[in-house]
Amino acid sequence: MAVPAGHAGEESSETGDPGAAPHGNFINYYTFNPPENRLSLIPASLLEQLRWRRESETVLMLDVGCNSGDLSIALYKHLLQEQPLETDSPRSVHLLGFDLDRDLILRAQNCNPFPQNIQFIPLDITQESSHTELTSYVEKFGCSRFHLCTCFAVTMWVHLNHGDAAFLALLSRLASLCEYLLLEVQPWKCYRSAARRLRKLGRSDFDHFKTLAIRGDMAAHAKEHLEKQCSMELTQSFGNTSWDRSLLLFKRR
Ligand SMILES: C[S@@+](CC[C@H](N)C(=O)[O-])C[C@H]1O[C@@H](n2cnc3c(N)ncnc32)[C@H](O)[C@@H]1O
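Here full-length UniProt numbering is used: position 156 in the sequence shown is 156, and no number is missing along the way.
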């Protein structure tokens, strides 16, 4: 789906037009939520810490809803700075970032400093076909799953636009695709602000906002689903961002 990117931000009360970014596909996202806000909480040694480190020479990362790629690229650099240099065959780290917004993906592709190791593709995670495409990517490397999947600030947009079932299906899909999942879910107060901003603009509400049964403590809902339905367990919490969102690391049981 080609969706044009909009201005202003999910937390911002600026006068931009959030109605033009109904999927959170803000054109200027990193001007008000710079990569450092999340990176400062994520240990640079994360790849070294994860359990599969000695089993594989190739590390596959997936960044879901990567917007214009700024955080994906910054995260790649951040995690590579602690790669051991002394080994004969340093592990190769590959990152695939995707977003449903084609314009944002074009920007990500044009600004990608590591085209050998980082790829950006347009993809909508709610579409069945996304699973096939992502699975065939990992199979090219002889793997069955991504080692680390990151999903920052995407769950609310899928939830508001597609409803409760899609929110849970998103989590199930992510769990099925990776060994470790680093998740930042937007808290419920963000849902209310997103809906309020749309109303202020005189637009009709998000399709599902009023009828969502999953509400309240969104991180707890995500954790419950991942642990009870997806064979994952919470292994670490990296604390809260300046927007009061927790970064939670889950691993496959
Ligand atoms: C608020 S931005 C967050 C960007 C980035 N993950 C970050 O945290 O820096 C949400 C992004 O999710 C993307 N997105 C929303 N729904 C999506 C879907 N169904 N499939 C893929 N990307 C989606 C939007 O286009 C947008 O770029």
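By construction, the Cβ of each residue, glycine as well, lies at the ideal position given by its N, Cα and C atoms.
Measure the beta-carbon distance from F152 to E184 and round it to whole angstroms, keeping in mind my assumption that it falls under 8 angstroms.
4 angstroms
What are the partner residues of H94, as DSSP defines its beta bridges?
L60
Run through the DSSP bridge pairs and tell me what P122 is partnered with.
D99
Where P113 and K77 are concerned, what is the direct C-alpha to C-alpha distance, given to the nearest angstrom?
10 angstroms
Below 7 angstroms CB to CB, which residues in the same chain sit around C66 once its five sequence neighbours on both sides are set aside?
S72, G97, F98, D99, A108 and F120
Pair every Cβ in the segment 205 to 220 with every Cβ in the segment 123 to 143, then say whether three or more of these pairs are closer than 8 angstroms.
no
Is any beta-carbon of chain B found at less than 8 angstroms from that of V59?
As a matter of chain content, chain B is missing from the structure shown, which is built from one protein chain.
The alpha helix (DSSP H) spanning S136 covers which residue range?
E128 to K140
Is the beta carbon of H23 within less than 7 angstroms of some heavy atom of ligand 1?
yes
Start-to-end residues for the beta strand (DSSP E) that takes in N240
M232 to N240
Report buried or exposed for L226, applying the criterion of at least 16 other Cβ atoms within 10 angstroms of its Cβ.
buried
Please determine, among R197, W243 and A222, the residue with the shortest C-alpha to C-alpha distance to P35.
W243
Comparing the CB of G65 with every heavy atom of ligand 1, is any distance shorter than 7 angstroms?
yes
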